[in-house]
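Trainee: Using the numbering used here, the letters of the sequence shown correspond one by one to residues 4 to 826. Note that the Cβ used here is the ideal one computed from N, Cα and C, for glycine as well. Values in this document were obtained by computation on a predicted structure and should not be read as measured data. This structure is in structure tokens; I'll ask about it shortly.
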Amino acid sequence: MTGLAGGAGHQRDSARPYSPGDIDEAGVPAGQRRDASATQDGPSAEVRAEVAMAKRLTAILTDASPGDAVIAVLNGPVGAGLAGVLRRAVANTTTPTAWLHVLPPRSDGSQRALAHWTYADGSGTQSSTSSLSVTEVLEELEEHLSPGSTVVMDAFHALGPSSASSLIVWSQAARLRGVRVLLGYHPALDSYAVGALLNVPTGTHWMDLHPLRDEVVHADLARLPGWTDPALLDVSVAAVAGNATLLRHLRRALSGASLLDEATVTAAQTIALEAASVRMACDQGHDALLLAGVLGLTVGDVDPHRVDQVLTIPAAKSARIARLLREVGLIPTHPRAAAIAAEALRRHTPVAVRRTAAGHAHDLLSGVDANQGRLFALRATVGDPMTGTLALAQAAYQEAFDADDIEGAADIAATLMSRTDDPTEIAWARAAQLRCWAVIDWDQFAERAPWCEDPAVAEELPTLDASHWLIVEAPTVARWLTMCPRTDNSHHVASAVVRALRGDMPVEDELRELADSLAQAGIFSVTAPIASRLALAFLALADYDAANQWACVATFTAADDELADAAMGHLVAAHALLRLGEFERADTHASTAADHFAKINAGNLCHLAELTRAHIAVEAGRPALPLAPLAPGRMHASLRAYRTYVSARVDLDAGRADAAVRQLFECGRLLKRWGIQNPSLLNWSAHLVAIFRASGQHDFMTHIEDELVADFRAWQDVEPAAAGRRAEILGARTSDLDADGTTLEAELSLNTLSPAELRVVDLVVQGLSNRDAAKELFLSKRTVDTHLGNVYRKLGLGSREELIAVMNRLAPARGGRSLNCFG
């Protein structure tokens, strides 16, 4: 307010900004209850500030001579503790005190008032009066005030012009009678510009209150335990904006939390603003909310004077409201604090005002080098249809995508799609969302994959630069993935993977030549997409060491945007180690794969990783967790076949042989339907042989064995080296495969043994007796006897010596590998 400092005859006590050393705990007025915000380290920052200013005001009151009554004005920002200073100062004196309060002025200029006071007779009796005007209340109050009394009006700014004039005139007369007058004034709340009247009385004492300094607020909030990030403390300090009331509310909201992370701090700041600031802004009316909205949306980018010009709010009113918004923390300078404040105020702003503010902010920012995403968001907030805004949407989308804000880019496309009726814009928006989901949300992509069949969308999406593993989630997009131009060998390797899995065309020589050429440049220079595909191809070719090696390369070399390839590397490593009998390492890789796939919401692949963990548990003889159901409609054929196989293994391990038989036959049918002729991928037929042999159904057993031997020989003709490796791991050497296949049948019959039976066999082969084996396995001797009897029956043996001889003959020449045929 211009000239508020006063001219001749005015005395101003302009206190410096408060600091912690202004007063200590001993400065709390005697008889006063300790402030609730005080801690074991002493009073809080705002309490110390109030006490310090109250001491100064008390000194002014007590130093005045009896014949020289005082008019004192406390002038300061909103939330500076003005009312608290007045209460503490009055409490430090022994004179009778009257308080004057008013309601907002009515449209006719009248203003209801209330006064309450303590009688000067020493009885402590209190009384009050009210009236439709300040003048009438003051006239009645005058009858009860003795010389030396004090009248306090802590909200002079709330008076209308008529009421303010009456109070100033009355104060001059009261001072002549020895009555002291204390007035509180917030310029930012002076809607009627009555502050100029405070310059009328001569000899007025002025005291300027100041906001709390940032370092004081920082020290105060730092006393709270649990801060997880110093940056959050800085945001909180900026959010307080030196406002003592806001600090008190923020501290109270934070004090109940044991961990002050971003979510907690954001919620606490919102609570504090709603308690201390938002209602105050709303009470200022439409112009204040509109100005707050525009300033909040353009802070740091647009000159506030331009905002005044656009909104056509009178300059004095605009300046006062802007000052109020700053003082109550609704337009802080810190970007994060400003965003929280804008959101808190937005919740209490009518939709029409929000839209108008967004429109003005859009127009203002269009004239500066503003963020395109910000402009698009403002345009969307206005609420009008967005037809014709494709260029703006594309610029905002690309800006977000380039900044790796993929989720934000998807939101931009979704907003346009929901607010336009232009087919071209809808097609672009759908294609844009698909590109985003191919990176961050594969389930969403799979759900909307039918969009690709729309010619208009296909025209916007001629290629899709995404991981090839996306096919597992949405098989229908294979042609978009294969059309995508690549500068590496990923397409070549992807083709090799398909041939290796199917097992109907030779691929190993070609694959090894490619792997060798890549390795010459350094194995860790191979990209994750290629390494993960090489790993899967070698897994299908039963070279589990090579599969594990390339899988590890994929996990090491994966870039930030190749999370799916890293996850697939872990998954292939899990399967390779599973087939080598290294169950703990296999489970660790499978668990990591599940975590990685979950980050991109790849439902099918997450399920595949969890199935792998269940498979590992069965092979290791541990109880497997229940298998979750598959999502209907878009299940990949390979996933369906693998789930059926694992489910059969779980049923078999639980003694549900009939259910296992049905599941194993279904697995075989699914693999054949998928075109898989590679017999090394899943041992479904070997387990059927074991079940039929154990149940005495020799016809079925012979039929399945014949089919298995035929499939193995056919695969051996296509991939002899791969078949040899698988036979070796089964317990045979490639050279032992004689013409009639009897040796192969004998080795494959090892699969008839359960994991528990194989553990007993391993100990027997090492020379342990049944009793010692029982102790080693923490079983009873009777259980070991039963397992060994089942082994003799399944393998057609009659003694321990025959068992040891057979196992020694079938032992692989690979240095301590398990005899098991895992997989």
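So, for A266: in the same chain, excluding its five sequence neighbours on each side, which residues have a beta-carbon less than 7 Å away from its beta-carbon?
Mentor: As a position in the sequence shown, residue 266 is number 263, starting the count at 1. Excluding sequence neighbours, A266 sits near nothing in its chain.
Trainee: Can you name the residues that DSSP bridges to W472?
Mentor: As a first step, residue 472 is located in the sequence shown; it is residue number 469 there, counting from the start. Bridge partners of W472: none, in fact.
Trainee: From R616 to A596, what distance separates their C-alpha atoms?
Mentor: Translated into the one-based positions of the sequence shown, residue 616 becomes position 613. Translated into the one-based positions of the sequence shown, residue 596 becomes position 593. Roughly 10 Å between the two C-alpha positions.
Trainee: Between H213, F668 and A644, which lies nearest to H610 when the distance is taken from Cα to Cα?
Mentor: Sequence index remark: in the sequence shown, residue 610 carries index 607 (1-based). Taking only the C-alpha atoms, the option nearest H610 is A644.
Trainee: What does H104 pair with, by DSSP beta-bridge criteria?
Mentor: The residue given as residue 104 occupies position 101 in the sequence shown. According to DSSP, H104 bridges with L117.
Trainee: Find the nearest neighbour of A92 within the set E145, E218, T153 and R115, judged by alpha-carbon distance.
Mentor: Stepping through the sequence shown from its first residue, residue 92 is reached at position 89. Of the candidates E145, E218, T153 and R115, the one whose C-alpha sits nearest the C-alpha of A92 is T153.
Trainee: Let me know the alpha helix (DSSP H) ranges lying completely inside the segment 111-181, each 4 residues or longer, listed in chain order.
Mentor: Those alpha helix (DSSP H) runs which fall completely within the segment 111-181 and span 4+ residues are 137-145 and 164-179.
Trainee: Would A554 and A534 qualify as a contact pair, given that the criterion is a beta-carbon distance under 9 Å?
Mentor: Counting from one through the sequence shown, the residue named residue 554 turns up at place 551. Counting from one through the sequence shown, the residue named residue 534 turns up at place 531. Contact flag set, yes.
Trainee: Take the Cβ of P80 as the centre, count every other Cβ of all protein chains shown within 10 Å, and call the residue buried at 16 or more, exposed below.
Mentor: Here residue 80 refers to the residue found at position 77 when the sequence shown is read from its first residue. Classification of P80: buried, given that the 10 Å Cβ count is 16 or more.
Trainee: So, for D446: in the same chain, excluding its five sequence neighbours on each side, which residues have a beta-carbon less than 6 Å away from its beta-carbon?
Mentor: What you label residue 446 is simply residue 443 of the sequence shown in a count that begins at 1. Excluding sequence neighbours, D446 sits near N604 and G606.
Trainee: Report buried or exposed for F715, applying the criterion of at least 16 other Cβ atoms within 10 angstroms of its Cβ.
Mentor: Sequence index remark: in the sequence shown, residue 715 carries index 712 (1-based). So F715 ends up on the buried side.
Trainee: Is it true that the segment 93-109 meets the segment 151-168, where meeting means three or more beta-carbon pairs spaced less than 8 Å apart?
Mentor: These segments touch.
Trainee: Start and end of the beta strand (DSSP E) containing V184?
Mentor: Numbered from its first residue, the sequence shown carries residue 184 at position 181. R183 to Y188 is the extent of the beta strand (DSSP E) around V184.
Trainee: Using only CA atoms, which one of A118, M283 and E146 lies nearest to S194?
Mentor: For the purposes of this step, residue 194 is taken as residue 191 along the sequence shown, with counting starting at 1. For the residues A118, M283 and E146, the minimum Cα distance to S194 belongs to M283.
Trainee: Given that a residue counts as buried once 16 or more other Cβ atoms are within 10 Å of its Cβ, and exposed if not, what is V219?
Mentor: Here residue 219 refers to the residue found at position 216 of the sequence shown. V219 is buried by the Cβ-count criterion.
Trainee: Quick check on DSSP: helix, strand or coil for H599?
Mentor: In the sequence shown, the residue the question calls residue 599 occupies position 596. The answer is helix: DSSP assigns H599 an H, G or I state.
Trainee: According to DSSP, A75 sits in a beta bridge with which residue or residues?
Mentor: Locating residue 75 in the sequence shown gives position 72, counting from the first residue. Bridge partners of A75: L185 and H208.
Trainee: I need the DSSP call for W677, collapsed to helix, strand or coil.
Mentor: For the purposes of this step, residue 677 is taken as residue 674 along the sequence shown, with counting starting at 1. It is coil, neither helix nor strand.
Trainee: Suppose contacts are defined by Cβ-Cβ distances below 9 Å. Is A545 in contact with A725 by that definition?
Mentor: Counting from 1 along the sequence shown, the entry for residue 545 is found at position 542. Counting from 1 along the sequence shown, the entry for residue 725 is found at position 722. Cβ atoms of A545 and A725: closer than 9 Å.
Trainee: Which residues in the same chain have their Cβ closer than 6 Å to the Cβ of A808, if we skip the five residues on either side of it in sequence?
Mentor: Here the question's residue 808 lines up with position 805 in the sequence shown. Excluding positions up to five away in sequence, the list is empty.
Trainee: Using the Cα positions of M810 and V768, report the straight-line distance between them to the nearest angstrom.
Mentor: Residue 810 sits at position 807 when you count from the first residue of the sequence shown. Residue 768 sits at position 765 when you count from the first residue of the sequence shown. Their Cα atoms are separated by approximately 7 Å.
Trainee: Can you tell me whether G288 is buried or exposed, with buried defined as 16 or more other CB within 10 angstroms of its CB?
Mentor: For this step, residue 288 is matched to residue 285 along the sequence shown. Result: exposed.
Trainee: Helix, strand or coil for L263, going by three-state DSSP, please let me know.
Mentor: As a first step, residue 263 must be located in the sequence shown, where it is residue number 260. In the structure shown, L263 sits in a strand (DSSP, three-state: E or B).
Trainee: Going by other Cβ atoms of all chains shown within 10 Å of its Cβ, with 16 needed for buried, is F586 buried or exposed?
Mentor: Reading the sequence shown from its first residue, position 583 is the one you call residue 586. The residue in question, F586, is buried, as its Cβ has 16 or more Cβ neighbours within 10 Å.
Trainee: Would you grab the beta carbon distance between L711 and V692 for me? Rounded to a whole angstrom, and I think it's under 8 Å.
Mentor: Translated into positions along the sequence shown, residue 711 becomes position 708. Translated into positions along the sequence shown, residue 692 becomes position 689. Going by Cβ atoms, the distance from L711 to V692 rounds to 7 Å, so yes, they are a contact pair.
Trainee: Ignore the nearest five residues each way along the sequence and tell me which others in L514's own chain have a CB closer than 6 Å to its CB.
Mentor: One-based indexing of the sequence shown puts residue 514 at position 511. Cβ neighbours of L514 beyond the five flanking positions: A499 and A540.
Trainee: What residue range is occupied by the uninterrupted alpha helix (DSSP H) comprising P862?
Mentor: With the chain covering only 4 through 826, there is no way to say anything about residue 862.
Trainee: Output yes or no for whether 9 Å exceeds the beta carbon distance between S650 and L630.
Mentor: As a first step, residue 650 must be located in the sequence shown, where it is residue number 647. As a first step, residue 630 must be located in the sequence shown, where it is residue number 627. Yes.
Trainee: Quick check: what's the CA-CA separation for N681 versus C439?
Mentor: Along the sequence shown, read from residue 1 onward, the residue named residue 681 stands at position 678. Along the sequence shown, read from residue 1 onward, the residue named residue 439 stands at position 436. If you take the alpha carbons of N681 and C439, they lie about 36 Å apart.
Trainee: For W230, write down the residues that DSSP places opposite it in a beta bridge.
Mentor: Walking along the sequence shown from the start, residue 230 turns up at place 227. L263.
Trainee: With 16 as the cutoff for other CB atoms within 10 Å, does T42 come out buried or exposed?
Mentor: As a working note, residue 42 is residue 39 in the sequence shown. With a pLDDT of 47 at T42, under the threshold of 50, the modelled position of this residue cannot be trusted, and the question is left open.
Trainee: Among residues of its own chain, excluding the 5 on either side of L292, which ones have a beta-carbon nearer than 6 Å to its beta-carbon?
Mentor: Within the sequence shown, residue 292 is the residue found at index 289, counting from 1. So the qualifying residues of the chain are T352 and V356.
Trainee: Starting from E622, trace the alpha helix (DSSP H) both ways and give me its first and last residue.
Mentor: Here residue 622 refers to the residue found at position 619 when the sequence shown is read from its first residue. Its alpha helix (DSSP H) spans residues G606 to E622.
Trainee: Quick check: what's the CA-CA separation for L566 versus Y648?
Mentor: Numbered from 1 along the sequence shown, position 563 holds the residue referred to as residue 566. Numbered from 1 along the sequence shown, position 645 holds the residue referred to as residue 648. Rounded to whole angstroms, L566 to Y648 spans 27 Å at the Cα level.
Trainee: State the Cα-Cα distance for the pair V787 and R729, rounded to the nearest angstrom.
Mentor: Numbered from 1 along the sequence shown, position 784 holds the residue referred to as residue 787. Numbered from 1 along the sequence shown, position 726 holds the residue referred to as residue 729. Straight-line Cα distance between these residues: approximately 30 Å.
Trainee: So, at 6 Å on beta carbons, what are the nonlocal neighbours of A749 in its own chain, with the 5 sequence-adjacent residues on each side left out?
Mentor: In the sequence shown, counting from the first residue as 1, residue 749 sits at position 746. Since pLDDT at A749 reaches only 47, below the 50 mark, its modelled position is unreliable, and no value is offered.
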